[in-house]
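A short write-up of the structure that comes next.
In UniProt numbering, the protein residues as written are 1 to 153.
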């Protein structure tokens, strides 16, 4: 399984003290987008201080206008409120979906917790309908766990 081969590479990126946090986050985005065929846009959103909004962090893929997302709006905004993984097999079936591109067919968002608080998330868009499995969820939870170690104060 591709995810098992990617885990040591994620660890190596996180542990690379020679790069800034943003450089390491971007390296994770590039790794995932390059090695998982149906990951077409990979990025991080983080809580904007005490505001109830997310701001776009490092990402790989087509540019997006969604650099600030209010809590509750879209899939990312819903995850900021629910603190739960959100897998969307078909974005066209979602009422509260913010379209980034007409080519996006599905999305997965996994929250990142530091000291028990949801401080951000990894967001992945796919141009493939319904590609995400439980294996994607478990792998991305692993990635978010490692990212949280990187972000701990």
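Here a beta-carbon is modelled for each residue, glycine too, at the ideal position from N, C-alpha and C. As the structure is a prediction and not an experimental result, all values here were calculated from the model.
Assigned secondary structure, residue i (DSSP; H/G/I helix, E/B strand, else coil)
i	result
residue 120	strand
residue 53	strand
residue 88	strand
residue 107	strand
residue 132	coil
residue 113	strand
residue 62	coil
residue 71	coil
Classification of residue i by the beta-carbon crowding that lies within 10 angstroms, buried from 16 upward
i	result
residue 25	buried
residue 31	buried
residue 54	buried
residue 21	exposed
residue 105	buried
residue 16	exposed
residue 184	The question about residue 184 has no answer here: the residues shown for the chain are numbered 1 through 153.
residue 162	Since the first and last residues shown for the chain are 1 and 153, residue 162 lies out of range.
residue 37	exposed
residue 78	buried
Meets three-Cβ-pair contact criterion under 8 Å: the region 51 to 70 and the region 131 to 149: no
Along the chain, which unbroken stretches of the alpha helix (DSSP H) at least 4 residues long are found entirely within the region 16 to 44? 21 to 35
Mind the definition here: the region 37 to 54 touches the region 64 to 78 only if three or more C-beta pairs lie below 8 Å; say whether that holds. yes
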